[in-house]
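Visitor: This is the structure I have questions about; it appears just below.
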Amino acid sequence: MKSIEQQLVEGLESDDDVTFTTSDQELFNRAATTVNVQQGSKDLVLLGMASIWVVFASLLMKILKPIFNNMAQGRSK
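Quick note: the sequence shown uses the numbering used here, first residue 17, plus one each step.
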């Protein structure tokens with residue numbers, strides 16, 4: 017049983033209609049652009065997650081601050 021890669025290579029080698037007209041430089045440029053886009057997307061997701069955590073912490077502190085103040089006043093009496 018042949019692997020999928022071997023079948024693809026044999027199929028492409030035997031097919032005369034397939035021509036590779038894309039230069040290596042163009043392929044490298046495409047690869048670099050794809051990596052940059054993917055990294056940019058990851059950075060945006062991480063920035064969004066960090067923003068959500070900052071908002072969450074801020075809301076939590078606003079909710080807990082009165083509770084802490086009440087506890088502090090209760091102990092000082």
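Every residue gets a Cβ at the ideal spot worked out from N, C-alpha and C, and that includes glycine.
For S30, report the span of its alpha helix (DSSP H) as first-last.
Guide: In the sequence shown, counting from the first residue as 1, residue 30 sits at position 14. Per DSSP, S30 belongs to the alpha helix (DSSP H) from I20 to S30.
Visitor: Would you identify the three-state DSSP class for S74, choosing helix, strand or coil?
Guide: The residue given as residue 74 occupies position 58 in the sequence shown. S74: helix per DSSP, three-state reduction.
Visitor: Pull up the distance between the alpha-carbon of S74 and that of L80, whole angstroms please.
Guide: The residue labelled residue 74 in the question sits at position 58 within the sequence shown. The residue labelled residue 80 in the question sits at position 64 within the sequence shown. Approximately 10 Å, taken between the alpha carbons.
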